[in-house]
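Residue numbers (this note's numbering): 103 to 235.
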């Protein structure tokens, strides 16, 4: 069965948590914080998901104005489905949902730094992170 890509369909917190656990992002996401996971899904305004039948196997979760900037907060693919081009396809579907000239901005997981440059991303030294305590 071919994969299906869906834009802004409802994803349950349990489906999202399960995917994060099955990907490398689970190590850096608050899997035990139900309220946070709910907020992550509720307030993202561009979610591209990839499904194998009715199983969520990948997600690109973003906040964007669709014209100037798109912050891609999560790009996750189930470990069993990696190396099949699904991450690249999620990026393409995300870019296709944006207006021409809109920048996609992300913070790469340490193990994924090598992944983005061949896809046309440029490393920026201008990123700053502030975490409210």
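Ideal placement from N, C-alpha and C gives every residue a C-beta, glycine not left out.
Just mark residue i as buried or exposed, buried being the case when its beta carbon has 16 or more other beta carbons within 10 Å.
i, result
"residue 221", "exposed"
"residue 198", "exposed"
"residue 185", "exposed"
"residue 111", "exposed"
"residue 151", "buried"
"residue 189", "buried"
"residue 178", "buried"
"residue 206", "buried"
Can you tell me the Cα-Cα spacing of residue i and residue j, whole angstroms?
i, j, result
"residue 114", "residue 215", "29 angstroms"
"residue 213", "residue 153", "24 angstroms"
"residue 232", "residue 176", "18 angstroms"
"residue 230", "residue 173", "14 angstroms"
"residue 272", "residue 157", "This structure leaves residue 272 out entirely; the chain is present only between 103 and 235."
"residue 138", "residue 116", "13 angstroms"
"residue 124", "residue 183", "10 angstroms"
"residue 225", "residue 141", "28 angstroms"
"residue 118", "residue 129", "14 angstroms"
"residue 203", "residue 228", "19 angstroms"
What does a CB cutoff of less than 6 angstroms around residue i pick up in its chain, not counting 5 residues either side in sequence?
i, result
"residue 163", "146, 149, 175 and 176"
Provide the residue span of the alpha helix (DSSP H) that contains residue i, from first to last.
i, result
"residue 118", "115 to 123"
"residue 140", "136 to 145"
"residue 215", "215 to 218"
By the DSSP assignment, the beta strand (DSSP E) with residue i in it spans what residues?
i, result
"residue 127", "Looking at the DSSP string, residue 127 is not in any beta strand (DSSP E), and its letter there is neither H nor E."
"residue 152", "148 to 154"
"residue 234", "Residue 234 -> no beta strand (DSSP E), and no H or E assigned at all."
For residue i, I'd like the list of residues in its chain whose CB is within less than 7 angstroms of its CB, leaving aside the five on either flank, ordered along the chain.
i, result
"residue 180", "121, 124, 125, 159 and 160"
Next on the checklist: List, from N- to C-terminal side, the beta strand (DSSP E) runs of 3 residues or more that fit wholly inside the segment 167 to 192.
Outcome noted: The segment 167 to 192 is shown to contain whole beta strand (DSSP E) runs of 3 or more residues at 171 to 179, in chain order.
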